[in-house]
Amino acid sequence: MLLEIKDLCVSAEDKDILKSLNLSVNAGEVHAIMGPNGSGKSTLARALSGHPGYAVTGGSITYNGKDLLDMAPEERACEGVFMAFQYPVEIPGVNNAYFLKAALNAVRKHRGEQELDAVEFMTLIREKASLLEMDQSMLHRAVNEGFSGGEKKRNEIFQMAVLEPKLAVLDETDSGLDIDALRVVANGVNALRSPDRAIVVVTHYQRLLDYIVPDFVHVLSGGRIVRSGGKELALELEEKGYGWIDAVAGAGA
Amino acid sequence: METTEESIEQLATREYKYGWETILESDTFPPGLNETVVRGISAKKNEPEWMLEFRLKAFRAWQDMAEPTWHNLQIEPIDYQAVSYYSAPKAKPQLASLDEVDPEVLATFAKLGIPLEEQKMLANVAVDAVFDSVSVATTFRAKLGEMGVIFCSFSEAVKDHPELIRQYLGSVVPYTDNFFATLNSAVFSDGSFVYIPKGVKCPMELSTYFRINAKNTGQFERTLIVADEGSHVSYLEGCTAPMRDEHQLHAAVVELVALDRATIKYSTIQNWYPGDKNGKGGIYNFVTKRGKAMTDAKITWTQVETGSAITWKYPSCILQGDNSVGEFYSVATTNNRQQADTGTKMIHIGKNTRSTIVSKGISAGKGQNTYRGAVKIGKNAHGARNYSQCDSLLIGDKCGAHTFPYLEIKNTSSIVEHEASTSKIGEDQIFYCQQRGIATEDAVNMIVSGFCKEVFRELPMEFAVEAQKLLSISLEGSVG
Ligand SMILES: Nc1ncnc2c1ncn2[C@@H]1O[C@H](COP(=O)(O)OP(=O)(O)OP(=O)(O)O)[C@@H](O)[C@H]1O
Ligand SMILES: [Mg+2]
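Residue numbers (my numbering), protein chains in the order written: chain V, 68 to 320; chain C, 230 to 709.
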């Protein structure tokens, strides 16, 4: 098992957000996480990547046989955990390619691999940029600075394609993308599907799951997973809304 | 020579507790400042009468002046009578080997990439004269001499090129200019002189490394650069040696003269010892830098100020001639207890004069960073233009950034634009970098370098690399 989350409790600024959440993900699988606004989806992503503003108050996360909670954020990244941010930040004045080179070489160094030289690196990122049909000029702009909402999301998946993580958590990567961009980005994600990589997509819409077909769908509500199922669960949700889940969950509790 | 003997005689009768002979022998004057000391400095340097006169006029003016108080700095009172105004090597214990040097100092040297032999020198370890800076300078000088370029110490220039010094000394920064410049005019120790003849493009970057170093000299340097008509020069001033000591006074003056169509690019990397984390020690850096640009001339000041406990410095341009251009690019960092009050003054006198100001202030720890800039547009400066951009970056929440722009516009055909911003290095920016595998310190460096980019690209290549390194050292430990 690549990722095992047990009874995870997370709070931020004294607010309990995740309340005993359980989730298991194997390598090779794609999991979709859905759920109403404010239910804790992004909080789960932040807890996985080690955001300092989110305190884990209970439970455990085992990743690749190791205690993930024991690692600093950059260590997690170097170990192959990647998060595509719901709201990617801008870093003025820092060249996108330069940033990515620093990131890739940090990851490679951690793995005991040689750092790429400038030529190897540029070849690699040009290839990945064309996979995502990204304008080459984006490589030399400052990280996310002045990027449109959709361009930022595409840039996240581009970074993922370059860094080749083991576990990728995509937080609402589809929101803000136009119809064509959605297809391109989804194709980019699908190209990265592989038996030794797991992908967790957080989304509100079935539309994305038409392209990135999940093996499992989970519904997060009130800080825990209240229902899990196959890809048809997403269709059912789309039809009936979250009220249906809450009613079922409420009745069960 | 007669002057020297005269002043020695005068000195013999002054009211010092140390005898004059002692003074002459010791190479370090006892603390205190009076006319005798000023004469003594001049005598030490065998200066001509006119040079002594300049010093004395300045000294007399200084006695009636008061320290400026308009700045946004908290400075412990300075006792000017407790300072020694002529200081050769301070008797510091000579260390037998690098093993005896404070490991923190060595770590800093290593990070700066200072060669080992030089490290030994800086750390005051006894070494043979391996670092033969004299011969290096001479080779240089021969090559420059072929083109008529003069590049020498200020003292040499007083002796060898008195006509140039007499013509230009004090022509941009008069000896009555301000408290610190006037003090410098009275007691300056040494410095550099550059003259670029008409139409000559200086073939190499000229540079001076001031190191307030084991020797404790050079605290009142004076630099004069004269670029004759149509000439070009790029001059680098580096102050890269850290120093561990009590507060030390450093009051320098730099004058630039760019005659018609000349270009002077003056870059500084200032890294005097900033004091420790609690504000103990560190240099008090009070500097007056000003350039005068004649018709079609251009002066560019670029500075990266990472050191000093106190920085008080406003490199300025007097845009005297029509179409002259002044530029100021600055990065100033304050960490721990450091304070900086820095900026520029652009004085537009000629027609169609243009100026650009780009100031980047970075505050971390309990550092306080003030930008103070003045743009003055005179009534005859038709068509003058100024663009100012002034950005502050805060790291943590105990530091401060302050901006004081002053505008004085007496001409309606001029255009002045001012932009300012203050931002905080967000936890989210750092986290974003970390999430991609980049460690915290590297993330901070990257974000700060991005912030300073517009200034760094004005620096000569090798300097830009050094500046970036210094910046990361000076901000070390400022996050998490
Ligand atoms: N740093 C924080 N401080 C206080 N409350 C927070 C913090 N971060 C998240 N919360 C709260 O926790 C809850 C879960 O937030 P989260 O961002 O995880 O929701 P989400 O499921 O991703 O929602 P959406 O679908 O709108 O993106 C929300 O009520 C939110 O206001
Ligand atoms: Mg969210």
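Where a beta carbon is used, it is the ideal one built from N, C-alpha and C, also for glycine.
Quick caveat, the model's predicted, so the values are computed rather than measured.
Is the CB of Arg-686/C under 7 Å away from at least one CB in chain V? no
Beta bridge counterpart(s) of Gly-555/C as assigned by DSSP: Ile-528/C, Ser-584/C
What residue range does the beta strand (DSSP E) around Ser-414/C cover? Looking at the DSSP string, Ser-414/C is not in any beta strand (DSSP E); the run it does join, the alpha helix (DSSP H), is 408-416.
Can you name, in chain order, every residue of its own chain whose Cβ lies under 6 Å from the Cβ of Ile-158/V, other than the five neighbours on each side? Val-210
What would DSSP say about Cys-145/V, mapped onto helix, strand or coil? helix
Compute every distance between the C-beta of Ser-650/C and the non-hydrogen atoms of ligand 2, then say whether any falls below 6 Å. no
DSSP three-state assignment for Asp-282/V, whether helix, strand or coil: coil
Which residues of chain C have a Cβ atom closer than 8 Å to the Cβ of Ile-84/V, listed in chain order? Result: empty, since nearest Cβ-Cβ is about 17 Å, beyond 8 Å.
Is the shortest distance between the beta-carbon of Ala-668/C and the beta-carbons of chain V less than 7 Å? yes
Closer than 7 Å between the C-beta and any heavy atom of ligand 2: which residues qualify, listed along the chain? Lys-108/V, Ser-109/V, Gln-153/V, Asp-238/V, Glu-239/V, Val-269/V
Just the C-alpha distance for Phe-188/V and Lys-168/V, rounded to the nearest angstrom, thanks. 7 Å
Looking at the unbroken alpha helix (DSSP H) that takes in Cys-619/C, where does it start and where does it end? Unbroken run through Cys-619/C is the beta strand (DSSP E), 614-623; no alpha helix (DSSP H).
For Ile-128/V, decide whether its Cβ has a neighbour in chain C, counting only Cβ atoms nearer than 7 Å. no
Run through chain B and tell me which residues come within less than 7 Å of Gly-504/C, C-beta to C-beta. Of the protein chains in the structure, V and C, none is chain B.
Taking only beta-carbon positions, decide if Pro-140/V is within less than 7 Å of chain C. yes
Is the region 395-414 of chain C touching the region 511-523 of chain C, taking contact as three or more C-beta pairs under 8 Å? yes
Any C-beta of chain V under 7 Å from that of Lys-698/C: no
Among Ser-197/V, Ala-248/V, Val-236/V, Glu-194/V, the one whose alpha carbon lies nearest that of Gly-216/V: Ala-248/V
Sequence-distant residues of its chain with Cβ nearer than 6 Å to Thr-492/C (five each side left out): His-461, Lys-527
Strictly below 8 Å CB to CB, what residues from chain C border Gly-120/V? Glu-656
Measuring only the C-alpha atoms, how far is Arg-519/C from Ser-496/C? 13 Å
Counting only the same chain and skipping the five closest in sequence on each side, list residues whose C-beta sits under 6 Å from that of Gly-126/V. Lys-73, Asp-74, Leu-75, Cys-76
Report the partner residues of Gly-590/C according to the DSSP bridge assignment. Ala-561/C, Ser-621/C
Looking only at its chain, what residues have a beta carbon closer than 6 Å to the beta carbon of Ile-252/C, apart from the 5 residues adjacent to it on each side? Model confidence at Ile-252/C stands at a pLDDT of 35, short of 50, so the residue's coordinates are unreliable and nothing is read from them.
Can you give the beta carbon distance from Cys-381/C to Phe-417/C, rounded, assuming they're within the 8 Å contact cut? The Cβ separation is near 15 Å, so there is no contact.
Quick one, which of Ser-650/C, Thr-535/C, Arg-583/C, Thr-540/C has its alpha-carbon nearest Phe-557/C's? Arg-583/C
When the cut-off is 7 Å and only beta carbons count, does Lys-682/C lie next to chain V? yes
Considering Cα atoms alone, identify which of Lys-86/V, Arg-291/V, Met-138/V, Leu-199/V is closest to Leu-115/V. Met-138/V
Reference Gly-655/C, options Ala-593/C, Phe-685/C, Val-604/C, closest by Cα: Ala-593/C
Check whether the Cβ of Pro-232/V lies closer than 7 Å to any Cβ atom in chain C. no
Contact with chain V by Arg-665/C, beta-carbon distance below 7 Å: yes
Could you name each continuous beta strand (DSSP E) segment of 3 residues or more that falls completely within the region 118-197 of chain V, going from the start of the chain to the end? 122-130, 148-151, 158-162
Residues in the region 150-167 of chain V with C-beta within 9 Å of chain C's C-beta atoms, listed in sequence order? Met-150, Phe-152, Tyr-154, Pro-155, Val-156, Glu-157, Ile-158, Pro-159, Gly-160, Val-161, Asn-162, Tyr-165, Phe-166, Leu-167
Residues that Ser-197/V contacts on chain C, provided the C-beta gap is smaller than 7 Å: Chain C residues near Ser-197/V: none, gap ~21 Å exceeds 7 Å.
Chain-ordered chain V contacts of Ile-676/C [CB-CB under 9 Å]: Ile-158, Pro-159, Gly-160, Val-161
Comparing the C-beta of Tyr-558/C with each C-beta of chain V, is any distance below 7 Å? no
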